[in-house]
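Participant: Just dropping this structure here.
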Amino acid sequence: MAASCMLRSSFLSPGLPQLHHQSTSKPNNGIHFFTPIKATATNDAISQQKHRRPADENIREEARRHCSSHNFSARYVPFNAGPTSDEWYSLDEIVYRSRSGGLLDVQHDMDALKKFDGQYWRSLFDSRVGKTTWPYGSGVWSKKEWVLPEIDSDDIVSAFEGNSNLFWAERFGKQFLGMTDLWVKHCGISHTGSFKDLGMTVLVSQVNRLRKMHKPVVGVGCASTGDTSAALSAYCASAGIPSIVFLPANKISMAQLVQPIANGAFVLSIDTDFDGCMQLIREVTAELPIYLANSLNSLRLEGQKTAAIEILQQFDWEVPEWVIVPGGNLGNIYAFYKGFQMCKELGLVDRIPRLVCAQAANANPLYLHYKSGWKDFKPVKAKTTFASAIQIGDPVSIDRAVFALQQCNGIVEEATEEELMDAMAQADSTGMFICPHTGVALTALFKLRNSGVIAPTDRTVVVSTAHGLKFTQSKIDYHSKEIKDMECRFANPPVEVKADFGSVMDVLKSYLLSQNSKL
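According to our numbering, the sequence shown is numbered sequentially starting from 2.
Dropping the structure here:
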């Protein structure tokens, strides 16, 4: 298998084990070694030297010069398979389900990763933050060994996604929840404006590798409620790979629709909902050489799990009590669990947080399943919700989500349309500008705080999955009080005033008095 190209400078930090660089003049029969070498003063001095690459060399070419080998590997296995299962597939195979029709999971060689202790991995990941070294400037690829360890760095398609802001929601937490340690992980501050970039860089990179291997992949396709198509089209455009998008007609915002169009995707607007689009794309990819990009494909979850690792990293490897994630197709809640669990298993932390999956009440099959005591799961017909990206009634990753929540004593909550829009408006009033899906997660937080499940001093992270700029129409409608059967309690419409000094002064004095009374 192809060896991973890693910059030696990333490993020449004081006290860190280092990659053993093998001579390319001697064949090694496909076996790659990752040998710890004791750091020396000479190595420390080398690591401190800064050499600018030649002017005619780009960062990819620089990475090729520093290609090193290792023995890390990963493969597809049936999701949650027992220890006696011998079914597995190479990541270079085009396969989406197990022989029994179940989901697949990416399984890493944990024994190889465990040859290095938690301190090693913490130091390695920390050493890559904020750099432009290819591909480690990405928040995803800075954890390359835990994502796609065998891909050549030259095949990676990245916009240096990840490394997103972990925002201390000081005023929101204090004013509305009486909390002192509330944080919002702004995954929507990303290349295409949503967390989907984290998974798409991994999937499109692997497709890029497969095409170079002359595998039968002409293009990449997805069904989408907006954000997946935006991420897919952008990363495919960057790599020069055709992208095909199935969108439910008249069910996504214009800001979401314009992204795949602008990036050159072949967009089909289909008169059905997301579940109908998902069924069609599955049938199409079974017949045509189009690689399936939906979260049925477990590669995307490998990128999405890095957001969990990033949260720990941003807290200097301290574990929060709670992490709240909006849920639709439900791959993301499992991805967060997987990221946290890998950190625990490899010794970076000693526990994992409790997870909360938050669903819109209009598309709440997981919530209903949870409230039934995890009895027989029943899909629902999703109703229209402002949280359009999670308007999914038959989630692909239901089994993954249930497993993750059961493993961490997790909780599922729901939000009505009025609750999620009010929560979004409240958050915006404190300086954020969030999406409706984050409003769903904040509603779950309100409910768990009010019931006493989450304590005022619990360190809590709410995952914001998309940028508010994608959902401006819903905000306009809310603040204009134009949403049918909704009070819009926190609306802040503009005040119409005559164009004369006296009228303006009267309005301003009234406003300032009202603000002063709140102090």
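Cβ coordinates follow ideal geometry from the N, Cα and C atoms, glycine included.
Keep in mind the model is a prediction, meaning the values are calculated, not measured.
Determine the burial state of Val324: buried for a count of at least 16 other Cβ atoms within 10 Å of its Cβ, exposed for fewer.
Facilitator: Buried is the call here.
Participant: Once the 5 residues before and after Arg401 are set aside, which same chain residues still bring their CB inside 6 Å of it?
Facilitator: Around Arg401: Tyr335.
Participant: Within its chain, find whatever has a CB closer than 7 Å to the CB of Ala362; leave out the 5 residues flanking it on each side and keep chain order.
Facilitator: Glu415, Ala416, Thr417.
Participant: Tell me the residue span of the beta strand (DSSP E) that contains Glu415.
Facilitator: Counting along the chain, the beta strand (DSSP E) containing Glu415 begins and ends at 412–416.
Participant: For Pro217, which residues of its own chain have a beta-carbon under 6 Å away from its beta-carbon, when the five flanking residues on both sides are left out?
Facilitator: Same-chain partners within the cutoff: Pro290.
Participant: Closer than 6 Å by C-beta to Leu297: which residues in its own chain qualify, once you throw out the five before and the five after it? Chain order, please.
Facilitator: If we look at Leu297 and ignore the five residues flanking it on each side, its Cβ neighbours are Tyr97, Val397.
Participant: May I ask you to report which of helix, strand or coil DSSP gives Pro15?
Facilitator: Bear in mind that a pLDDT of 37 at Pro15, under 50, signals an unreliable position, so the number given afterwards is only what the model happens to contain. It is coil, neither helix nor strand.
Participant: CB-CB under 7 Å to Ser99, same chain, minus the five flanking residues each way: which ones, in chain order?
Facilitator: Cβ neighbours of Ser99 beyond the five flanking positions: Pro79, Glu88, Leu105.
Participant: Let me make sure I understand the geometry here. Which of Ser206, Thr461, Thr226 has the alpha-carbon closest to that of Pro136?
Facilitator: For the residues Ser206, Thr461, Thr226, the minimum Cα distance to Pro136 belongs to Ser206.
Participant: Return the bridge partner residues of Phe117 from the DSSP annotation.
Facilitator: Paired residue(s): none; Phe117 is not in a bridge.
Participant: Pick helix, strand or coil for Trp147, following the three-state DSSP scheme.
Facilitator: Looking at Trp147 - three-state DSSP - the assignment turns out to be helix.
Participant: The beta strand (DSSP E) that contains Leu293, what's its start and end?
Facilitator: That run of the beta strand (DSSP E) goes 291–293.
Participant: CB-CB under 7 Å to Val158, same chain, minus the five flanking residues each way: which ones, in chain order?
Facilitator: Around Val158: Thr202, Val205, Ser206, Asn209, Tyr236, Ser239, Ala240.
Participant: Is the beta carbon of Thr444 less than 8 Å from the beta carbon of Ala467?
Facilitator: Their beta carbons are not under 8 Å apart, which means Thr444 does not touch Ala467 by this criterion.
Participant: Per DSSP, Ala106 is paired with what?
Facilitator: The residue you asked about is not Ala; residue 106 is Asp in the sequence shown. Answer by DSSP bridge pairing, in chain order: Val78.
Participant: What does the alpha-carbon distance come out to for the pair Lys382 and Phe275?
Facilitator: Near 11 Å, if we compare the C-alpha coordinates of Phe275 and Lys382.
Participant: Does chain C have any CB closer than 8 Å to the CB of Val203?
Facilitator: The structure shown contains no chain C; it is built from a single protein chain.
Participant: How far does the beta strand (DSSP E) with Phe267 in it reach, from first residue to last?
Facilitator: Looking at the DSSP string, the run of the beta strand (DSSP E) that includes Phe267 is 267–271.
Participant: Mind checking Val107: buried by the 16 CB within 10 Å criterion, or exposed?
Facilitator: Burial call: buried.
Participant: So, helix, strand or coil for Gln516, using DSSP?
Facilitator: Of the three classes helix, strand and coil, the one that applies to Gln516 here is helix, per DSSP.
Participant: Are the beta-carbon atoms of Ala388 and Pro327 separated by less than 8 Å?
Facilitator: Contact: yes.
Participant: Does the segment 241–250 come close enough to the segment 309–316 to have 3 or more Cβ pairs within less than 8 Å?
Facilitator: With a cut-off of 8 Å, the segment 309–316 and the segment 241–250 do not count as touching, because too few Cβ pairs lie within range.
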